[in-house]
Amino acid sequence: MTPVNRTDAHADVLVVGAGPAGLALAARLARAGAGRVEVLEREPEPGGMPRHLHHGGFGRAPLPWLRGPAYARRWARAAAAAGAAVRTGVTATGWAGPLRLETTSPAGLERITARAVVLATGARERPRSARLVPGSRPPGVLTTGELFRSVHEYGLPIGRRAVVVGAEPVARHAAATLRQAGTDVVAMVTEQPRAAAVPGIPVLTATTVGELHGRGRLTGVAVRHRDGRTGLLACDTVVFTGDWIPDHELARRGGIPLDPGTRGPCVDAAFRTAAPGVFAVGNALHGIESAATAVGEGEAAAASVLAHLAGAPWPEAGPPLHVRAPLLWVTPHRITGIARRPLLLRSAEAVTAPVVTAAQDGRTLWRRRFPVPASPSRSLRLPPHWTARVDHAGGPVVLALG
Amino acid sequence: MTLTRRGPLPGGAPYDVTVVGAGVVGSAIARELSRLPLRIALIDACDDVGNGTSKANTAILHTGFDAVPGSLESRLVRDGQRLLAAYAADTGIPVEPVGALLVAWNEEQLAALPGLADKAVRNGYRSARILPAHEVRAREPELGPGVLGALDVPDESLICPWTTTLAYATQAVRAGVDLHLNCPVRSVAPGEPHTLATGRGPLRTRHLVNAAGLYADEIDRFLGHTDFTVTPRRGQLIVFDELARGLVRHILLPVPDARGKGVLVTPTVYGNVMLGPTAEDLDDRTATGSTADGLALLREKGRRILPALLDEEVTAVYAGLRAATGQDDYAVRAHPAQRYVTVGGIRSTGLTASMAIAAHVVGLLAEAGLPLTGARDPEPVRMPNLGEAFPRPYRDAAMIAADPEYGRIVCHCERVTRGEIRDALAATVPPASPDGLRRRTRARGGRCQGFHCGAAVRALFEEARP
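Protein chains in written order, with my numbering: chain Z, 17 to 418; chain U, 537 to 1002.
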């Protein structure tokens, strides 16, 4: 189908996604005089995920800790004050060229050409279907994202008795939001062998959701413990939490290679994807991390974007970073220069006092014992200094435990 | 225009014809009857049209190449394919003529291809031909290893089953058919007229058409007939995200062999890829749940057919029940003395055959004394397009310029705009649930399943709820 009547527009930097990473990057670029910095946000309001997170704990010293919505507004104001154009209700629907995006908004269709494009498209939770949880398909099956918006943004009724799948921080926030909405939380269910206690809510560890029951409305969730015991939790609502996947569709439509571990665009330590002029930052790279991490990545990427605008050549991709099980993924995915920020490393299993090694072609580059446990819900932050020892003509750099 | 979903049924004179079952077949029959200057009712136990077997089929507009030659099904599928293809073009129902390949993975299947090609000819379909392995691979580069050949059936097409049923029902209601939903039939007192005891009170009708799908044998028994028993056959399906669409170009049909019928891999008009169905005979007519075993089986078979498919995100898993009767043909039976027609045993080809079934049934009613005088052509309808191969509002500058709501995307995965949701909620046959809204717009039907838009879509639905 031939797109008709598209308005052509230009920007120096086009940032897709006005969450903390995109806004922080746009603010820094605009302040640095990068020219026209435009942030496209498909939602009606800027701010990204924190808009829906009504608990506190956002921001960093010396700023006061804020609730999510206030934090989202702060970054939207910061980007606008710095001179970035934050456009809401605008969706980037696809690519019309290497650095040219097609958009849809109530104002019409555009084709925006930029000198640099930054994908800051965020992440989503895998829904019940993607987790292949069998059973019936009644109403009452949610993700945390839908729950938060339903309660906080629209005041929609949820249900009377809910089961929360997951026991990570996001699951605990889901439980709190359910209680706030007047819904009893029957149980939290996690496949992990251990989980933090939650006052007043039974946490079923080493337990999987077997099947959903109910027609017209959810009536229960069948669960199975690792030891073979099974049971049915009567409930009218189930919230699937966590299991994040980057919103990588725009990257894929642009032919940008993804990392098989994160399912986000493959980037080097300067947030460069394989496509010259296209960068990626924030949760689009790795699923959910703290807002502060997203902001840090956005701010750090500003230097790389400025260098690109100033004419720095797009470097040859350096050696890839690989992980060994039980490690799931690492970001960045390639080492082209010396990393300036901590690398994020995620394990599929909880490991106490993990020892992480980095090796290339049989040569150990770095090794360290961490006092904090490796966890499926929290990344280890590896100091970046050892990346200076990577041989750029060498083979893959392999990260492993032990 | 009359559509009711609650309260006692309207009284007054008996209906001339009542169609029980507002699936794709019942709705097509009601539409065909709506040409006549008669009082027609279309009733269904569900809260929406097309909410049973019709919503969960494999969404293919068949050529009928593999029907039993000489059967009623063979004739009605062949005629229906032509009728529905033309109707779809006029009405805006998305159809993509991608063609089908019946892929042979073993010698037995390869040996079966000439017989299938011959059967196609006997069904009046002459364009099927056998392709050698290298040509199959050139056409479908992502196929798994071990392809020996295929039967090419170039006229098999993809179609939107939801819009088809909705178009029929919309046209019928606009032409004066009374559509009563949430209206299960509890018993029938045969007579002149028949009196149906429904969940919403009595309904009197001179002629009765039974298009009750999974429950067709129950309605039949109310009138004293035991011609067939419906055994629900469950088909579980996995739908993959539209980013998988590039992996497959044709409908990849299985070649039946001694180990039974395999599964198919097919694109959909919405731009997804579908894998399935299983075939499990059950007793429970409400068992529309998926099972861990069923999904594991589909994934195992899918991995052999199209290995890369399994790496893609799953957007939906669902199960449909087919109304199997253990017979090799449709069970369409006229009982003229009772002014009663049963339309039973309509399997997945029923979508394709629906318009031809409708014409056939009206003919049977006429033989039982229904007057066909004064027929007029129904007012054409134009349905909102849900197909990826046709212009959708979010890419239509003229639509957005005329009404900016068509530029306001609410469901980001499926690119559904607020204007489309508003239109569906205000349509002749509006949805009764967010699921019904999804079948009319695709809203919250994508990879995030409502993570981003679920609350917004539900709020729009609740706002419009009467």
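Cβ coordinates follow ideal geometry from the N, Cα and C atoms, glycine included.
CA nearest to the CA of U:V555, picked from U:A705, U:A832, U:R944 and U:C696:
Translated into the one-based positions of the second sequence, residue 555 of chain U becomes position 19. The shortest Cα separation from U:V555 among U:A705, U:A832, U:R944 and U:C696 belongs to U:A705.
Buried or exposed, going by whether 16 or more other CB atoms sit within 10 Å of the CB of Z:A50?
Working through the first sequence from its first residue, we reach residue 50 of chain Z at position 34. Result: buried.
Where U:N593 and Z:V53 are concerned, what is the direct C-alpha to C-alpha distance, given to the nearest angstrom?
Taking the second sequence and counting its residues from 1, the one referred to as residue 593 of chain U is at position 57. Taking the first sequence and counting its residues from 1, the one referred to as residue 53 of chain Z is at position 37. Straight-line Cα distance between these residues: approximately 48 Å.
For chain U, find out if any of its Cβ atoms is closer than 9 Å to the Cβ of Z:A48; answer yes or no.
For the purposes of this step, residue 48 of chain Z is identified with residue 32 of the first sequence, where counting begins at 1. Closer than 9 Å: no.
Within-9 Å CB hit, Z:E365 to chain U
Indexing the first sequence from 1 puts residue 365 of chain Z at position 349. Output row for Z:E365: interface = no.
Outcome for Z:L248 when other beta-carbon atoms lying within 10 angstroms are tallied against a minimum of 16
Reading the first sequence from its first residue, position 232 is the one you call residue 248 of chain Z. Answer is exposed; the Cβ neighbour count stays below 16.
Excluding the five sequence neighbours on either side, which residues of its own chain have a C-beta within less than 7 Å of the C-beta of U:Y661, listed in chain order?
Looking up residue 661 of chain U in the second sequence gives position 125. Excluding positions up to five away in sequence, the list reads T599, G600 and F601.
Consult DSSP for U:H786 and reduce its assignment to one of helix, strand or coil.
Along the second sequence, read from residue 1 onward, the residue named residue 786 of chain U stands at position 250. DSSP places U:H786 in coil when its eight states are reduced to three.
Measure how close the beta-carbons of U:G1026 and U:T701 come, nearest whole angstrom, since I'm counting them as under 8 Å.
Here chain U covers residues 537 to 1002 and nothing more, so residue 1026 of chain U does not appear.
My understanding is that U:R781 touches U:N808, with C-beta atoms under 8 Å, so please give their C-beta distance in whole angstroms.
Mapped onto the second sequence, residue 781 of chain U falls at position 245. Mapped onto the second sequence, residue 808 of chain U falls at position 272. So it is a contact: roughly 7 Å between Cβ atoms.
Top-ranked residue by Cα proximity to U:F776, from Z:R147, Z:A178 and Z:G113
Indexing the second sequence from 1 puts residue 776 of chain U at position 240. If we check each option's Cα against that of U:F776, Z:R147 comes out closest.
Here's the rule I'm using: 16 or more other beta-carbon atoms within 10 Å means buried, otherwise exposed. How should Z:G230 be labelled?
The residue given as residue 230 of chain Z occupies position 214 in the first sequence. It is buried - the Cβ of Z:G230 has at least 16 other Cβ atoms within 10 Å.
Quick one: list the residues of chain Z neighbouring U:E849, beta-carbon separation under 8 Å, in chain order.
In the second sequence, the residue the question calls residue 849 of chain U occupies position 313. For U:E849, the residues of chain Z that pass the 8 Å Cβ criterion are R142, A146 and I261, in the order they occur in the chain.
Cβ neighbours of U:T540 in the same chain (closer than 6 Å, five flanking residues each side left out)
On the second sequence, residue 540 of chain U is found 4 positions in, with the first residue counted as 1. Answer for U:T540: H716, listed in chain order.
Cutoff 6 Å; reference Z:T403; Cβ partners in own chain excluding five residues on either side:
Within the first sequence, the letter at position 387 stands for residue 403 of chain Z. Same-chain partners within the cutoff: I351, I354 and A355.
Which of helix, strand or coil does DSSP assign to Z:A404?
As a position in the first sequence, residue 404 of chain Z is number 388, starting the count at 1. Here Z:A404 sits in helix by DSSP.
Name the chain U residues whose beta carbon is nearer than 7 Å to that of Z:G151?
Looking up residue 151 of chain Z in the first sequence gives position 135. Residues of chain U passing the Cβ test: G825 and S826.
Segment limits, beta strand (DSSP E) that includes U:N746:
As a first step, residue 746 of chain U is located in the second sequence; it is residue number 210 there, counting from the start. Its beta strand (DSSP E) spans residues G737 to N746.
Residues of chain B with CB under 7 Å from U:I945, in chain order?
Absent from the structure is chain B; the protein chains it does hold are Z and U.
At a CB distance below 7 Å, what residues from the stretch 169-196 of chain Z approach chain U? Give them in sequence order.
Residues E169, Y170 and L172.
Buried or exposed, going by whether 16 or more other CB atoms sit within 10 Å of the CB of U:G606?
Taking the first residue of the second sequence as position 1, residue 606 of chain U is located at position 70. So U:G606 counts as exposed.
For Z:A421, write down the residues that DSSP places opposite it in a beta bridge.
Lying before the first or after the last residue shown, residue 421 of chain Z is absent from chain Z, which here runs from 17 to 418.
For the stretch 394-413 of chain Z, which residues have a beta carbon sitting closer than 9 Å to at least one beta carbon of chain U?
If the cut-off is 9 Å between Cβ atoms, the stretch 394-413 of chain Z has nothing near chain U.
9 Å is my cut-off, CB to CB: does U:Q985 come that close to chain Z?
On the second sequence, residue 985 of chain U is found 449 positions in, with the first residue counted as 1. With 9 Å as the cut-off, U:Q985 counts as an interface residue toward chain Z.
Return the CA-CA distance between U:Q985 and Z:L381, expressed in angstroms with no decimal places.
Here residue 985 of chain U corresponds to residue number 449 of the second sequence, with the count starting at 1. Here residue 381 of chain Z corresponds to residue number 365 of the first sequence, with the count starting at 1. Going from the Cα of U:Q985 to the Cα of Z:L381 covers about 43 Å.
How is U:I893 classed by DSSP in three states: helix, strand or coil?
Looking up residue 893 of chain U in the second sequence gives position 357. When secondary structure is reduced to three states using DSSP, U:I893 falls in the helix class.
Where do the N-terminal and C-terminal ends of the alpha helix (DSSP H) with U:F758 fall, by residue?
What you label residue 758 of chain U is simply residue 222 of the second sequence in a count that begins at 1. Run containing U:F758: A752 to F758, per the alpha helix (DSSP H) assignment.
Just the C-alpha distance for U:P792 and U:A595, rounded to the nearest angstrom, thanks.
Along the second sequence, one-based indexing puts residue 792 of chain U at 256. Along the second sequence, one-based indexing puts residue 595 of chain U at 59. Cα to Cα, the separation comes out at about 19 Å.
Measuring only between beta-carbons, confirm whether Z:R268 sits less than 9 Å from chain U.
On the first sequence, residue 268 of chain Z is found 252 positions in, with the first residue counted as 1. It does: the Cβ of Z:R268 has a partner Cβ on chain U nearer than 9 Å.
List, in chain order, every chain U residue whose beta-carbon is nearer than 9 Å to that of Z:L125.
Taking the first residue of the first sequence as position 1, residue 125 of chain Z is located at position 109. Near Z:L125 (Cβ distances below 9 Å), the residues of chain U are Y930, R931, D932, A933, I936 and G943.
CB contact below 9 Å: U:A995 versus chain Z
The residue labelled residue 995 of chain U in the question sits at position 459 within the second sequence. With 9 Å as the cut-off, U:A995 counts as an interface residue toward chain Z.
Measuring straight from C-alpha to C-alpha, what distance separates Z:R383 and Z:P400?
Counting from one through the first sequence, the residue named residue 383 of chain Z turns up at place 367. Counting from one through the first sequence, the residue named residue 400 of chain Z turns up at place 384. Here the alpha carbons of Z:P400 and Z:R383 stand approximately 12 Å from one another.
Grouping DSSP H, G and I as helix and E and B as strand, with all else coil, what is Z:T18?
As a first step, residue 18 of chain Z must be located in the first sequence, where it is residue number 2. In this prediction, Z:T18 has a pLDDT of 49, which is less than 50 and means its spatial position is unreliable; nothing more can be read from the coordinates.
Look up Z:A212 in the DSSP assignment and say whether it is helix, strand or coil.
What you label residue 212 of chain Z is simply residue 196 of the first sequence in a count that begins at 1. Note: Z:A212 maps to coil in three-state DSSP.
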